[in-house]
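Undergrad:
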Amino acid sequence: MSSLGTTLRRWMAREAALVVGVGNELRGDDAVGAQVAKSLRNQGLPAVLVGDVPEAYTDVIRTSGCTRILFVDAVDMGAEPGETALLEPDQLADTRHDTHRPSLALVMQYLEQTANCDCLLLGVQPAQVALGQPMSREVRRSAEVLTELLCRLLSKRQRARW
3 MSSLGTTLRR WMAREAALVV GVGNELRGDD AVGAQVAKSL RNQGLPAVLV
53 GDVPEAYTDV IRTSGCTRIL FVDAVDMGAE PGETALLEPD QLADTRHDTH
103 RPSLALVMQY LEQTANCDCL LLGVQPAQVA LGQPMSREVR RSAEVLTELL
153 CRLLSKRQRA RW
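Going left to right, the sequence shown walks through residues 3 to 164 as the numbering used here numbers them.
This is the structure we're talking about:
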């Protein structure tokens, strides 16, 4: 995660950042984005939980005043469960897991065009996303590590706004 941390630190440096947790909490590892967002919100950090309808929250995101929008979601990248990757909107067509309609790529592109912000997706490889299943051990651990990392990266200035 150290290269991920370095990349995120550079991307978020001196910019107002918002974490957007995407996913269905009833579908095992698909809850990873929701878990990260909830943990950050509980600590007073800038995060929004959008479930599996991120398009319904575009106004909230657009009016946040943030110029860096980091989506967190389970993404089937063909990797080992719990592995992470930073993806830009145009890279999302290469992923296999997209349970969100309209696609998350379209939501991210819309926000970049209308809110003068940059969007990235922090994808976490799921082990399973079956209805009613718990989050896997690997993805739960990744959620914990990502939450710790994002807590360190979000500034006190941003903490005060939320």
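Here a beta-carbon is modelled for each residue, glycine too, at the ideal position from N, C-alpha and C.
Could you round the C-beta distance between Leu152 and Val38 to whole angstroms and report it? I think they count as a contact, below 8 Å.
TA: 7 Å
Undergrad: If you draw a straight line from the C-alpha of Met3 to the C-alpha of Pro91, how long is it?
TA: Only weak support is given to the placement of Met3: the predicted model assigns it a pLDDT of 47, under 50, and the value that follows is read from those uncertain coordinates. Cα to Cα, Met3 sits roughly 21 Å from Pro91.
Undergrad: So the alpha helix (DSSP H) Ala145 belongs to, where does it begin and stop?
TA: Segment 139 to 155, the alpha helix (DSSP H) holding Ala145.
Undergrad: So, at 8 Å on beta carbons, what are the nonlocal neighbours of Ala132 in its own chain, with the 5 sequence-adjacent residues on each side left out?
TA: Arg29, Gly30
Undergrad: Report the option in Leu42, Ile71, Asn44, Gly25 whose CA atom is closest to the CA atom of Thr116.
TA: Ile71
Undergrad: Ignoring anything shorter than 3 residues or poking outside the region 5 to 47, list the beta strand (DSSP E) runs there in chain order.
TA: Every beta strand (DSSP E) stretch that sits fully inside the region 5 to 47 and reaches 3 residues is listed by chain position as 19 to 24.
Undergrad: Short check: CB of Ala33 to CB of Asn26, under 8 Å?
TA: In contact: Ala33 and Asn26 (Cβ atoms closer than 8 Å).
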